[in-house]
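Trainee: Let me give you the structure first, and then I'll get to my questions.
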Amino acid sequence: MKPYNELSKILLEFSIYHTIKGDAFKPRAYEMASESIAVLDDEIKQTWKSGGIKDLKKLPGIGESIAEKINEYYKTGTIKSYQKIKKEFPVEMFELSQIEGLGPKHIGELWKFLKIKNIADLSQAIQNNKLKNLPGWGEKSQNKLAKRLKLFKQSSDRMLLGYILPIADEMVNALKQIKHVKRCAYAGSIRRRQETCGDIDLIATTKQPKKIIDAFCKLPQVKSIHEKGATKASVRLKIGVDADIRVVRDEVYGATLQYFTGDKRHNVLLRQYALDKGYTLNEYGLFKLSKNTKIRGKLIACKTEEQIYKKLGLDTPPPELRVGDDEIQAAKTHKLPNLIPYGSVKGDLQVQTEWSDGSASIEFMAKAAKKAGLSYLAVTDHTKSLTIANGLTEKRLLEQVKEIDKLNKKISGFKILKGTECDILKDGSLDLPDESLKKLDFVGVSIHSYFDLNRSEQTKRVIKALSNPHVNCFFHPTCRLIGKRHEINLDMEKVIATAKKYHVLLEINCMPDRMDLNDRWTRSAIKAGVKLVINTDAHSPEHFNLLYLGESIARRGWATKKDILNTKDVKQLLKYLKKKK
Ligand code: DGT
Ligand code: CA
Ligand code: CA
Ligand code: ZN
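Quick note, our numbering runs 406 ahead of the 1-based positions in the sequence shown.
Put into structure tokens, the structure is as follows:
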């Protein structure tokens, strides 16, 4: 589902391969390099072009040997040592690793015992009950994997917003460069900022449709062409989804954009609403209904969306709200919310550093956040029970607190807050004692274990954690990973009420596969009067650029600026947090 490019896939396969071989350090380095290349390929290539291996090595998480491999790939389009690995071990490691819970160790075993190379082989083996008899597997783990495989297959034809939106942007920008193009935009689920999208829907206006269609079909993102007509085309992209384009005259831009933005339910309701008022609405415009159905009625509006909604007596709902729920009613009574504008978040309150499983130092992360336009962040490294993430003990946390004090003296115009992402243990107690929590500016808590508890146990566990007087925020509350892990079984209504009672903030986590809270729970929380924060959960510097994803969810959840606490500056934020103490 991620648009891993070839190089980032290769690097991830190196990581998996070295894990299978029992290497302790290489895997993590390759994994981080793979992530960086997936997100920042263009920038990294630029760095390489201008400064070669030497500058590549300066990037966080890229050492000597990885820099050499990246160099070889950019130069020759392949890596020799990688081809050698694939001969010895001809397994689609990347593909298989996309299934939650299928780690390198398992991938190695599945090849060793059953010669499983890819997803197709795996499905077959599960169907034939082959896994349960493997050493260390059993019926239960086979069933669990079968479920995860199903979830993976269900979602594999949709792409996460965080990955598809930048590509849609690139395509729109490329088409806008063409002389004959007057306007160009993406519509559909991407414009509505849905958490996953089925395809890219583009609209362009021009007097020369053929030129635009030709240019669209030749974009570098395109892999093959499904259909190429005079005013529309449909293609397959290299990243594994389709893109459609519709080319129209500039006069009807508004009507076409409205129609193709959807969603379908919103359009159906709006069309019915228009009919009731004596109009008909389609992708070419809003027309007065004529008594004689053979004559097309008079054109009323088509140039802009605003014009169309206005002629119908409605305010224009922002695309994020167009879901066919109660937005048309709100538009009619001027009750649409004043949504939080993009770019409103001033500080990031969940940031991991190299003290636990992040890739960069506190100072580096602070500088990157500042560069991304933020004025504060909270360092929230994991705590000790999360051993795989090198979680902090009380002692190390104290050392970190001292280091942050020093850094704050050194850096100007930016504030680093002392925080934690403290694990909620199975019984709802916290992984750090109150004495440690007391010393921090910002205490976030989260669940990273026992995802399978039943509803009443899981809810009790969370309520207990949130009732600790030092807790400020509940991170990624439902723990779902889109396409990989379902929401944990939690009575969210109760959790929201608890957050309200104890003044605990709920997080909207911006990681593309988390987006947690989602739009629905965001709206419920706001209705209940709970304050929220939007955090990137950054593990490396480039993650600060993901804030817009959380803002998308906030907007889809009808949030205004005042609902999101980290739109405040650091002074006001600290004042709010102190009230609790
Ligand atoms: P997706 O691609 O599954 O993430 O979701 P959308 O909403 O982008 O759906 P898509 O690509 O099938 O169509 C784009 C928009 O075009 C959709 O939101 C509304 C409009 N549209 C497409 N087909 C129909 C239809 O049969 N009736 C109506 N009213 N609108 C349609
Ligand atoms: Ca679409
Ligand atoms: Ca479409
Ligand atoms: Zn976490």
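Cβ atoms here follow ideal geometry from the backbone N, Cα and C, with glycine treated the same way.
DSSP three-state label for Met407, please.
Mentor: Caution applies to Met407, whose pLDDT of 44 falls short of 50 and renders its modelled position unreliable; the value that the coordinates give is listed next. Reduced to three states, the DSSP call for Met407 is coil.
Trainee: Checking 9 Å against the spacing of the C-beta atoms, do Leu551 and Phe519 come in under that value?
Mentor: no
Trainee: Where does Val578 fall in DSSP's three states?
Mentor: Looking at Val578 - three-state DSSP - the assignment turns out to be helix.
Trainee: Tyr690 and Leu718: beta carbons closer than 9 Å?
Mentor: No, Cβ-Cβ distance for Tyr690 and Leu718 is not below 9 Å.
Trainee: How is the beta strand (DSSP E) around Leu911 delimited, first residue to last?
Mentor: 911 to 915
Trainee: Taking the alpha-carbon of Glu841 as reference, which of Pro875, Lys464, Lys832, Leu823 has the nearest alpha-carbon?
Mentor: Pro875
Trainee: What residues does ligand 3 have around it, judged by CB closer than 6 Å to any heavy atom, in chain order?
Mentor: Gly594, Asp605, Asp607, Asp650
Trainee: Using DSSP with H/G/I as helix, E/B as strand and the rest coil, what is Ser414?
Mentor: helix
Trainee: In terms of residue numbering, what span does the beta strand (DSSP E) encompassing Ser630 cover?
Mentor: 628 to 634
Trainee: Cα-Cα, which of Lys808, Ser946, Leu979, His945 is closest to Cys879?
Mentor: Leu979
Trainee: Return the chain-ordered ranges of every alpha helix (DSSP H) run that is complete within the segment 548 to 604 and spans a minimum of 4 residues.
Mentor: 567 to 582, 594 to 597
Trainee: Check the C-beta distance from Glu913 over to Phe881 and give it rounded, since I have them as a contact under 8 Å.
Mentor: 5 Å
Trainee: Taking Ile932 as part of the alpha helix (DSSP H), name the residues at either end of that continuous run.
Mentor: 925 to 933
Trainee: Span of the alpha helix (DSSP H) holding Ile734?
Mentor: 733 to 738
Trainee: According to DSSP, which residues form a beta bridge with Thr966?
Mentor: Within the DSSP bridge table, the entry for Thr966 names Leu745 as partners.
Trainee: Short of 8 Å in beta carbon distance, which residues of its chain neighbour Lys486, apart from the five on each side in sequence? Order them along the chain.
Mentor: Glu478
Trainee: Should the segment 856 to 870 be called in touch with the segment 816 to 823, which here means at least 3 C-beta pairs below 8 Å?
Mentor: no
Trainee: In angstroms, rounded to a whole number, what distance separates the CA positions of Asn411 and Leu418?
Mentor: 11 Å
Trainee: Helix, strand or coil for Ile476? Go by DSSP, reduced to three states.
Mentor: helix
Trainee: Would Val647 pass as a contact of Leu608 if the rule is Cβ separation under 9 Å?
Mentor: no
Trainee: Would you list the residues sitting across from Ser852 in a DSSP beta bridge?
Mentor: Asp829
Trainee: Buried or exposed for Glu827, going by 16 or more other Cβ atoms inside 10 Å?
Mentor: buried
Trainee: Skipping 5 residues on each side, what residues in its chain have a beta carbon closer than 8 Å to that of Phe666?
Mentor: Ala593, Gly594, Asp607, Ile609, Arg652, Glu689
Trainee: Which residues share a DSSP beta bridge with Asn688?
Mentor: Gly691
Trainee: Here's the rule: buried if 16 or more other CB atoms are within 10 angstroms of the residue's CB, otherwise exposed. What is Ser440?
Mentor: Taking a 10 Å sphere around the C-beta of Ser440, we find 16 or more other C-beta atoms and assign the residue as buried.
Trainee: Thinking C-beta only, is Lys559 closer than 9 Å to Gln548?
Mentor: Taking 9 Å as the Cβ cut-off, Gln548 and Lys559 do not qualify as a contacting pair.
Trainee: Might you give, ordered along the chain, the residues of its own chain that have their beta carbon closer than 6 Å to the beta carbon of Leu792, omitting 5 neighbours on each side?
Mentor: Asp829, His854
Trainee: Using 8 Å as the cut-off, can you tell me whether the segment 758 to 778 makes contact with the segment 959 to 966, which would need three or more C-beta pairs spanning the two stretches below that distance?
Mentor: no
Trainee: From which residue to which residue does the alpha helix (DSSP H) around Ile645 run?
Mentor: Ile645 -> no alpha helix (DSSP H), and no H or E assigned at all.
Trainee: Is Leu681 helix, strand or coil by DSSP?
Mentor: Under the three-state reduction of DSSP, Leu681 is assigned to helix.
Trainee: Taking the straight line between their C-alpha atoms, what separation do you get for Leu465 and Thr602?
Mentor: 30 Å
Trainee: Is any heavy atom of ligand 6 found at a distance shorter than 8 Å from the C-beta of Ile609?
Mentor: Within the structure as shown, ligand 6 is missing, the only ligands being ligand 1, ligand 2, ligand 3 and ligand 4.
Trainee: Would you report the Cα separation of Lys832 and Val868, rounded to the nearest angstrom?
Mentor: 9 Å
Trainee: Okay, do the segment 780 to 789 and the segment 752 to 772 touch, 3+ Cβ pairs below 8 Å being the bar?
Mentor: yes
Trainee: In whole angstroms, what is the alpha-carbon distance linking Asp721 and Lys981?
Mentor: As the crow flies, the alpha-carbon of Asp721 is around 37 Å from that of Lys981.
Trainee: Go ahead and label Asn534 buried or exposed: buried means 16 or more other beta carbons lie within 10 angstroms of its beta carbon, across all protein chains shown.
Mentor: exposed
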